[in-house]
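In case it helps, numbering that gives the first Met the number 0 puts the sequence shown at residues 0 to 634. Working notes, beginning with the structure itself.
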Amino acid sequence: MAIMIPPSLPKKASEGEKRLYNILKNKLSDNFYVWYEPRIDGRYPDFIILSPDFGLLVIEVKGWYLKHILKASHDSFEIENNRNDLETIEKQKSPLRQGKDYLDKLLNILKKSRILTNQSGKYQGNLCFPIAVGAVMSNLTDEQAHKYNLIDILPIKSVIYRDELLTWDKDDIQEETIIQRFQEMFGVNFVFSPLTPDQISTIKGIIYPEIVIRQEKATLKSVNSEFSILPSDIILTTLDSKQESLAKSIGDGHRIFFGVSGSGKTLLLISRAKYLINQNHHARILILCFNVCLAAYIKSVFHQDSQNRHYQNIEVGNFDVWAKSLLGKLPSQVQGNRDEYTGKIVLDKLSKYSLEQKWDAIFIDEAHTFVPIWFQCCVNALKHSENGDLMIVADGNQSLYKRSDFKWKDVGIKAQGYRTISKKFDLDKNYRNTHQILSSALSILNHVSDLVEPLEDEDVTFPLVKPSLALRQGDKPKIYISSTPDEQEKYIISTIHYLKSLNIDDRDIAILYRQAGKKDEPRLNSIIQKLNQKGISTYWVNQNDNSKRQYNREREGVRIITMLSSLGLEFKAVLLIWLEQFDDSIGKKDAEILARRQIYVAMTRAQEYLSLYISHQSKLTSELKNYLSFDIFNQ
Numbered sequence: 000m001a002i003m004i005p006p007s008l009p010k011k012a013s014e015g016e017k018r019l020y021n022i023l024k025n026k027l028s029d030n031f032y033v034w035y036e037p038r039i040d041g042r043y044p045d046f047i048i049l050s051p052d053f054g055l056l057v058i059e060v061k062g063w064y065l066k067h068i069l070k071a072s073h074d075s076f077e078i079e080n081n082r083n084d085l086e087t088i089e090k091q092k093s094p095l096r097q098g099k100d101y102l103d104k105l106l107n108i109l110k111k112s113r114i115l116t117n118q119s120g121k122y123q124g125n126l127c128f129p130i131a132v133g134a135v136m137s138n139l140t141d142e143q144a145h146k147y148n149l150i151d152i153l154p155i156k157s158v159i160y161r162d163e164l165l166t167w168d169k170d171d172i173q174e175e176t177i178i179q180r181f182q183e184m185f186g187v188n189f190v191f192s193p194l195t196p197d198q199i200s201t202i203k204g205i206i207y208p209e210i211v212i213r214q215e216k217a218t219l220k221s222v223n224s225e226f227s228i229l230p231s232d233i234i235l236t237t238l239d240s241k242q243e244s245l246a247k248s249i250g251d252g253h254r255i256f257f258g259v260s261g262s263g264k265t266l267l268l269i270s271r272a273k274y275l276i277n278q279n280h281h282a283r284i285l286i287l288c289f290n291v292c293l294a295a296y297i298k299s300v301f302h303q304d305s306q307n308r309h310y311q312n313i314e315v316g317n318f319d320v321w322a323k324s325l326l327g328k329l330p331s332q333v334q335g336n337r338d339e340y341t342g343k344i345v346l347d348k349l350s351k352y353s354l355e356q357k358w359d360a361i362f363i364d365e366a367h368t369f370v371p372i373w374f375q376c377c378v379n380a381l382k383h384s385e386n387g388d389l390m391i392v393a394d395g396n397q398s399l400y401k402r403s404d405f406k407w408k409d410v411g412i413k414a415q416g417y418r419t420i421s422k423k424f425d426l427d428k429n430y431r432n433t434h435q436i437l438s439s440a441l442s443i444l445n446h447v448s449d450l451v452e453p454l455e456d457e458d459v460t461f462p463l464v465k466p467s468l469a470l471r472q473g474d475k476p477k478i479y480i481s482s483t484p485d486e487q488e489k490y491i492i493s494t495i496h497y498l499k500s501l502n503i504d505d506r507d508i509a510i511l512y513r514q515a516g517k518k519d520e521p522r523l524n525s526i527i528q529k530l531n532q533k534g535i536s537t538y539w540v541n542q543n544d545n546s547k548r549q550y551n552r553e554r555e556g557v558r559i560i561t562m563l564s565s566l567g568l569e570f571k572a573v574l575l576i577w578l579e580q581f582d583d584s585i586g587k588k589d590a591e592i593l594a595r596r597q598i599y600v601a602m603t604r605a606q607e608y609l610s611l612y613i614s615h616q617s618k619l620t621s622e623l624k625n626y627l628s629f630d631i632f633n634q
């Protein structure tokens, strides 16, 4: 069964489109991607078909009946329409001309990626895989086309007529028959090496910029053996097919998504925001979260995209920054809960806003860190509070900030009926971590697992992230136990040297710590100094409030960041230092639950490599030494 994106057709799809969609879905194998109405430079071909050993084919579907075709040429058709008893004549592009226009635009974009082109010989600079356009005439037969001289305009080699399309619907039709028929549309057949996963991902990212996660340097595995790689060659890492399907099937209105840690919730949110701004460059879109660093990271994703300048129109901030922009300044002294009070005065301010001052769409990331009244603020900030675009993504396992339980309906979230709060997770696989990292992180919660209650109402449950949900295997996390601060520092420096020997980029390494008081700052400065002396750049994200607000994902340097600020971020390698700082919480029920959750979330920032550093004297040391999920280094 082919990978269909979106997973179902919209109601507006024609009967011919529905028929072809179902044929492609059921007859093609799962190494075929099929997109319905992909956006290419503001235009929408009906279908694009892509497969590693097939190539790329653009298909236009027309449901014209013979009696409605008044004139026809290679460039255009005059079509008689009858809508609401009103007859009109429309001039439309020939389906093959229309498809070729899409194809030409796509060709020009694809050829800019060197890993997708021939690198030598007669066809140097041309795409290294076949690409063509075809048409499906769902209500016009081959006999009619011949009889009325349409066959020259719509040649049989490039067009599937109704009678052939109907034979494809039969149970005994084989995939090979359909593929061979499509291959005739390429015209010139040439032998090519099957496209690699990185090449497929790059093509997907070019067709759909909103599903791009990041640009990365190409490696030898990015291309086939006959290709060479230059330092400037890049690939586009994109959402996988399930994530992409989900991103494209999100409807309007209030939507709440729960997912396990590392399941791509933030990527889904970013993709949806890109989709909406691509539809309307002038839409007012707001993205809110709790953590300052996460807000800065998301902002850099949009505002540093040189290929899509309109992404800079998307507003991104943490709730306090947004509140300050509305109020002019934040309340300095309050009685009771400061977050609740800020929410109340923001709500009052929004009540005085005109429709034009409000937002078309609002996104909330890491919603489990929000106090209830903040959700009310977001609902009231929408131009259309009851059915405006409000997307909320959450993971209850990461509730680091204690707050009271609440029900979504109590804060104005209309997620009922067709806007359902799903008890079954939409994002149920962990893409970020290895099985080994999840196993070790889960062990940290063993001592408090019976005390951890769901934080939401009865409609929602939040299971822990089971290691079985990880899609990858990797090395065991390491624990380094030291007798003195100097010994711990040596462990930290040597670990980073090892990671650098694996060619891991500085930006993919993070040193996480709980806090850096006056006693700790000299230790942190010593680590930074020693790394810099060895030619390893550093980026102390939490050095001050301004550096935290200006966090830039593109800036060079090993990240040095607090555990709380790391919420929502991820790195290839993570070093958790000074775990003895949590000793003041061990043995205190609520404090210990929050402390262990904080360690758990920090551990799950690691994609591939995880190291923990702790002193011999810590209350946690004896416990950690007994876990089989770690490799122990004890000095």
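Ideal Cβ placement from N, Cα and C applies to all residues, glycine included.
So, helix, strand or coil for residue i, using DSSP?
i: Gln97; result: helix
i: Leu471; result: In the sequence as displayed, the identity of residue 471 is Arg instead of Leu. The answer is strand: DSSP assigns Arg471 an E or B state.
i: Asp338; result: helix
i: His367; result: helix
i: Val190; result: coil
i: Ser438; result: helix
i: Cys292; result: helix
i: Ser13; result: coil
i: His657; result: Residue coverage of the chain in this structure runs from 0 to 634, which leaves residue 657 outside it and unanswerable.
i: Lys61; result: strand
i: Ala390; result: According to the sequence shown, residue 390 is Met rather than Ala. Here Met390 sits in strand by DSSP.
i: Thr195; result: coil
i: Ser398; result: A caution first: Ser398 carries a pLDDT of 48, below 50, which makes its placement in the model too unreliable to give a value.
i: Arg596; result: helix
i: Thr537; result: strand
i: Ala601; result: helix
Leaving out five residues before and five after residue i in sequence, what residues of the same chain have Cβ atoms less than 6 Å from its Cβ?
i: His302; result: Gln311
i: Asp162; result: Thr140 and Asp141
i: Asn545; result: none
Given that a residue counts as buried once 16 or more other Cβ atoms are within 10 Å of its Cβ, and exposed if not, what is residue i?
i: Arg82; result: exposed
i: His496; result: exposed
i: Pro94; result: buried
i: Tyr160; result: buried
i: Leu501; result: exposed
i: Thr341; result: buried
i: Arg18; result: buried
i: Tyr643; result: Residue 643 lies beyond the range of the chain shown here (0 to 634); nothing can be said about it.
i: Met136; result: buried
i: Asn386; result: exposed
Roughly how many angstroms lie between the CA atoms of residue i and residue j, to the nearest whole one?
i: Thr116; j: Val222; result: 10 Å
i: Gln606; j: Ile598; result: 15 Å
i: Glu555; j: Lys99; result: 43 Å
i: Leu56; j: Arg506; result: 38 Å
i: Ile363; j: Phe226; result: 43 Å
i: Lys624; j: Ser467; result: 23 Å
i: Val345; j: Ala366; result: 18 Å
i: Asn22; j: Ile88; result: Rather than Asn, the amino acid found at residue 22 in this sequence is Ile. Each residue's Cα considered, the two are about 32 Å apart.
i: Gln306; j: Ile205; result: 11 Å
i: Asp669; j: Val300; result: Residue coverage of the chain in this structure runs from 0 to 634, which leaves residue 669 outside it and unanswerable.
i: Gln616; j: Ser482; result: 8 Å
i: Ser628; j: Tyr608; result: 13 Å
i: Leu441; j: Ala601; result: 12 Å
i: His145; j: Val33; result: 30 Å
i: Arg552; j: Leu568; result: 10 Å
i: Phe181; j: Asp197; result: 24 Å
i: Ile47; j: Leu27; result: 13 Å
i: Thr201; j: Leu426; result: 23 Å
i: Ala351; j: Thr561; result: The residue asked about is misnamed: residue 351 is Lys in this sequence, not Ala. Going from the Cα of Lys351 to the Cα of Thr561 covers about 38 Å.
Tell me the DSSP bridge mates of residue i?
i: Thr236; result: Arg213
i: Asn81; result: Glu86
i: Gly204; result: Per DSSP, none; premise fails for Gly204.
Quick check: is any heavy atom of the ligand HEM less than 6 Å from the C-beta of residue i?
i: Asn125; result: Here there are no bound small molecules, and the ligand HEM is not part of this structure.
Excluding sequence positions up to five away, which residues of its chain have a Cβ less than 8 Å from the Cβ of residue i?
i: Ile412; result: His253, Ile255, Phe374, Val378, Leu389 and Ile391
i: Ala134; result: Ile58, Glu59, Val60, Lys61, Pro94, Leu95, Gly98, Leu153, Ser157, Val158 and Ile159
What does a CB cutoff of less than 7 Å around residue i pick up in its chain, not counting 5 residues either side in sequence?
i: Gly54; result: Phe128, Pro129, Ile130 and Phe185
i: Ser270; result: Glu209, Ile210, Leu238 and Ala246
i: Phe640; result: The chain is shown from 0 up to 634; residue 640 falls before or after that span and cannot be answered.
7 Å is my cut-off, CB to CB: does residue i come that close to chain C?
i: Asp409; result: Note that chain C does not occur in the displayed structure, where there is just one protein chain.
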